[in-house]
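Peer 1: My questions all concern the structure below.
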Amino acid sequence: LDVGDTLDKLLYSDKESVVLTSATLSTDGNFKHLIERVGFNDADQLLLGSPFNYEDAALLCVPRDMPEPNADDYQRAVNWAVTQAAQSSGGRAMALFTSHASLRACATAIRGPMKSAGINVLAQGVDGTPQQLVSRFLENPETVLLGTSSFWEGVDLAGDALRVLLVARLPFNVPSEPVFAARSEQYENSFNQYAVPQAILKLRQGFGRLIRTKTDRGVAVILDQRILTRRYGQAFIQSLPPVTVEPCSMRELPDKIERWLDG
């Protein structure tokens, strides 16, 4: 549950230097959460900016009128948003889910409309392995790819391959998951001190699928209005690259996407 002491004994104390580097180690502009997790207490810290001009490269849309994730009409709204976004970009879209059930429900609902629009639907766990889905996605750009955990990180879809990235909901861990629940007990305020930082790191990893080179241009859509309405939402936004942020209505979303991609 707490690996800090073990890492100190077996790694840090035995080495002259240890370097930890990644594009997604910080949360809310600092390394506090990482240091607590891995016990790297006496480390020098350096937080560098990105070489990408995110303000010109990426637009972040958050529909203000999106239903809450626990609302009865939330799944229907997700299905509609994915359909409209994929049509606006002519495919070249990926939607990230935290639930296999939600992914499958979306895949079932959008296959008909997408087929009519000439856009393929590839769903993780339904249409092949992650490797097969990525290969097929790259071969046929007129596709919307629906993925869960395997697609939040380590997937490189550079250039025009991916132009729209949708995040169905903020990627909080399931509170009842045994390891997560046990680690949560170590914090006085487990939600703000552990659950939120973990979700921020996951969102940053997912967001990183969109802009992979200096010439990439795309739109990210977060279908979870809690990023606007909850107190912790600002920490999520501040942890993302400095993109152009535009709250909008659901009906405005397709036009926002088209205008940005044509700009």
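If you count by my numbering, then the sequence shown holds residues -18 to 244, one letter each, in order. Idealized CB from N, CA, C, for every residue including glycine.
Count the other C-beta atoms from every protein chain shown that fall within 10 angstroms of the C-beta of R144, then say buried if there are 16 or more, exposed otherwise.
Peer 2: Position 163 of the sequence shown, counted from the first residue, corresponds to residue 144. Under this definition R144 is a buried residue.
Peer 1: Quick check: the Cα distance between A58 and P48, rounded to an integer number of angstroms?
Peer 2: Stepping through the sequence shown from its first residue, residue 58 is reached at position 77. Stepping through the sequence shown from its first residue, residue 48 is reached at position 67. If I take the Cα positions, the gap works out to 7 angstroms.
Peer 1: Which stretch, first to last residue, makes up the alpha helix (DSSP H) that contains E227?
Peer 2: For the purposes of this step, residue 227 is taken as the residue at position 246 of the sequence shown. E227 -> not in any alpha helix (DSSP H); beta strand (DSSP E) instead, spanning 225 to 229.
Peer 1: Count the CB pairs spanning the stretch 152 to 165 and the stretch 207 to 218 that are closer than 8 angstroms, and state whether there are at least three.
Peer 2: These segments do not touch.
Peer 1: Considering only residues of the same chain and omitting the five flanking positions on each side of T8, which have a CB-CB separation below 7 angstroms?
Peer 2: The residue given as residue 8 occupies position 27 in the sequence shown. Around T8: H14, P178, I181, L182, S220.
Peer 1: Can R198 and V136 be called in contact, C-beta distance under 9 angstroms?
Peer 2: Residue 198 sits at position 217 when you count from the first residue of the sequence shown. Residue 136 sits at position 155 when you count from the first residue of the sequence shown. Cβ atoms of R198 and V136: not closer than 9 angstroms.
Peer 1: Starting from L221 and walking both ways along the alpha helix (DSSP H), at which residues does that stretch end?
Peer 2: By 1-based counting over the sequence shown, the position of residue 221 is 240. Per DSSP, L221 belongs to no alpha helix (DSSP H) and is neither H nor E.
Peer 1: Given this structure, state the Cα-to-Cα distance separating R92 from T129, to the nearest angstrom.
Peer 2: The residue you call residue 92 lines up with position 111 of the sequence shown. The residue you call residue 129 lines up with position 148 of the sequence shown. Rounded to the nearest angstrom, the two C-alpha atoms are 18 angstroms apart.
Peer 1: Using three-state DSSP, classify N60 as helix, strand or coil.
Peer 2: What you label residue 60 is simply residue 79 of the sequence shown in a count that begins at 1. In the structure shown, N60 sits in a helix (DSSP, three-state: H, G or I).
Peer 1: Span of the alpha helix (DSSP H) holding A104?
Peer 2: Along the sequence shown, one-based indexing puts residue 104 at 123. Looking at the DSSP string, A104 is not in any alpha helix (DSSP H); the run it does join, the beta strand (DSSP E), is 101 to 104.
Peer 1: Smallest Cα separation from L250: which of N51, P222, L84?
Peer 2: Because residue 250 is not part of the residues shown, which for the chain are -18 to 244, the question remains open.
Peer 1: Given F12, which residues of its chain have a CB within under 7 angstroms of its CB, disregarding the five upstream and five downstream residues?
Peer 2: Along the sequence shown, one-based indexing puts residue 12 at 31. The answer, listed in chain order, is L6, Q26.
Peer 1: Would DSSP call N11 helix, strand or coil?
Peer 2: Within the sequence shown, the letter at position 30 stands for residue 11. N11 falls in the strand class under three-state DSSP.
Peer 1: When the Cα of L242 is compared with those of F161, Q68, Y168, L(-8), which residue comes out closest?
Peer 2: Reading the sequence shown from its first residue, position 261 is the one you call residue 242. For the residues F161, Q68, Y168, L(-8), the minimum Cα distance to L242 belongs to Q68.
Peer 1: So what's I203 in DSSP terms, helix, strand or just coil?
Peer 2: By one-based count along the sequence shown, residue 203 stands at place 222. It is a strand residue.
Peer 1: Would F132 and Q112 qualify as a contact pair, given that the criterion is a beta-carbon distance under 9 angstroms?
Peer 2: For the purposes of this step, residue 132 is taken as the residue at position 151 of the sequence shown. For the purposes of this step, residue 112 is taken as the residue at position 131 of the sequence shown. In this structure, Q112 does not lie closer than 9 angstroms to F132 by Cβ.
Peer 1: Round the Cβ separation of Q56 and A86 to the nearest angstrom and send it over; I've been treating them as touching at under 8 angstroms.
Peer 2: Residue numbering aside, residue 56 sits at position 75 when the sequence shown is read from its first letter. Residue numbering aside, residue 86 sits at position 105 when the sequence shown is read from its first letter. Rounded, the Cβ-Cβ distance is 5 angstroms, consistent with contact.
Peer 1: What does DSSP give as the partner residues of M75 in its beta bridges?
Peer 2: Your numbering for residue 75 matches position 94 in the sequence shown. In DSSP, M75 forms a bridge with L126, L146.
Peer 1: Leaving out five residues before and five after V63 in sequence, what residues of the same chain have Cβ atoms less than 7 angstroms from its Cβ?
Peer 2: Taking the sequence shown and counting its residues from 1, one reaches residue 63 at position 82. Hits under 7 angstroms: A76, C87, I91, V125, L147.
Peer 1: Apply the 10 Å Cβ neighbour rule to N170 and answer buried if 16 or more other Cβ atoms are within range, or exposed otherwise.
Peer 2: For the purposes of this step, residue 170 is taken as residue 189 along the sequence shown, with counting starting at 1. So N170 counts as exposed.
Peer 1: In three-state DSSP terms, what is V(-1)?
Peer 2: Taking the first residue of the sequence shown as 1, we reach residue -1 at position 18. Coil.
Peer 1: In angstroms, rounded to a whole number, what distance separates the CA positions of E158 and D(-17)?
Peer 2: Within the sequence shown, residue 158 is the residue found at index 177, counting from 1. Within the sequence shown, residue -17 is the residue found at index 2, counting from 1. Straight-line Cα distance between these residues: approximately 16 angstroms.
Peer 1: In chain order, what residues of the same chain lie with their CB nearer than 6 angstroms to the CB of A98, ignoring the 5 residues before and after it?
Peer 2: Position 117 of the sequence shown, counted from the start, is the residue given in the question as residue 98. The residues are Q68.
Peer 1: Judging by CA-CA distance, which residue of L234, A201, R232 is the nearest neighbour of I218?
Peer 2: Position 237 of the sequence shown, counted from the first residue, corresponds to residue 218. Per the Cα distances, A201.
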